[in-house]
Amino acid sequence: MKTKHELELADVKAIAAAAEAEALKNQWAVTIAIVDDGGHLLWLQRLDGAAAISSHIAPSKARTAALGRRESKVYEDIINGGRTSFLSAPTIDGLLEGGVPILKDGQCLGAVGVSGVKSTEDAQIARAGIAALGL
0 MKTKHELELA
10 DVKAIAAAAE
20 AEALKNQWAV
30 TIAIVDDGGH
40 LLWLQRLDGA
50 AAISSHIAPS
60 KARTAALGRR
70 ESKVYEDIIN
80 GGRTSFLSAP
90 TIDGLLEGGV
100 PILKDGQCLG
110 AVGVSGVKST
120 EDAQIARAGI
130 AALGL
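Reading the sequence shown from the start, the letters are residues 0 to 134 in numbering that gives the first Met the number 0.
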């Protein structure tokens, strides 16, 4: 039997605080979502000025990264590469850069999804949040 790591509330709060700090440092109005390894929402934070739609997109990006165990950008690249049939994949709908999995010892603990600025900046914020865990 394997031991399974999981995010605790203190971890989620640390990720959220670091992601928020990165966004505020750059004056980016975004929504930050954190999910567990099954894609279930643990945290949603919409910063002042973030577009309403970002509160739907950020959790989708996070869910896609968690369920796929890879950054959501991978799926965006697949589709941009011409494999548009991938748009019909079930359950994953955040097929844009900005979802980053949280990995420890080869296991996915969850993911962070960010929406509101350029996709590369969304991913930057997500990575800054995850870095707070020191993994």
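C-beta atoms are modelled at their ideal positions from N, C-alpha and C, and glycine is treated no differently.
Just so it is clear, the structure is predicted and the values come from calculations on it, not from any experiment.
Q. Does DSSP classify P58 as helix, strand or coil?
A. In this structure, P58 counts as helix in the three-state DSSP scheme.
(request) State the Cα-Cα distance for the pair D104 and L6, rounded to the nearest angstrom. (result) When rounded, the separation of the alpha-carbon atoms in D104 and L6 is 14 Å.
Handout entry: Spatial distance of I78 from K60 (CA atoms)
Key = Going by the C-alpha atoms only, they are around 15 Å apart.
Practice task
Please name the residue, chosen from E19, D76, V111, that lies closest to A28 on a Cα-to-Cα basis.
Solution key: The shortest C-alpha separation from A28 is found at E19.
Q) Quick one: what's D35 bridged to in DSSP? A) As DSSP reads the structure, D35 sits in a beta bridge with G109.
Given 8 Å, three or more beta-carbon pairs between the segment 107 to 119 and the segment 54 to 73
They touch, by the three-pair rule.
Next item on the list: Report back the beta-carbon spacing between E75 and L102 to the nearest angstrom; my notes put them in contact at under 8 Å.
Entry: Not quite, the Cβ-Cβ distance comes to about 19 Å (not below 8 Å), so this is no contact.
message: I believe T63 touches R45 by the beta-carbon criterion, under 8 Å. Please report the beta-carbon distance rounded to the nearest angstrom.
response: The C-beta distance from T63 to R45 rounds to 19 Å, too long to meet the 8 Å contact threshold.
Practice prompt. To the nearest angstrom, report how far apart A22 and K72 are at their CA atoms.
Written response: Straight-line measurement puts the Cα of K72 at about 19 Å from the Cα of A22.
Cut-off 6 Å between Cβ atoms - residues of its own chain near K40, not counting five sequence neighbours on either side
A small fix is needed here, since residue 40 is Leu in this sequence, not Lys. The residues are V34, P58.
| request: Tell me I101's beta-bridge partners as DSSP assigns them. | output: Beta-bridge pairing by DSSP links I101 to G109.
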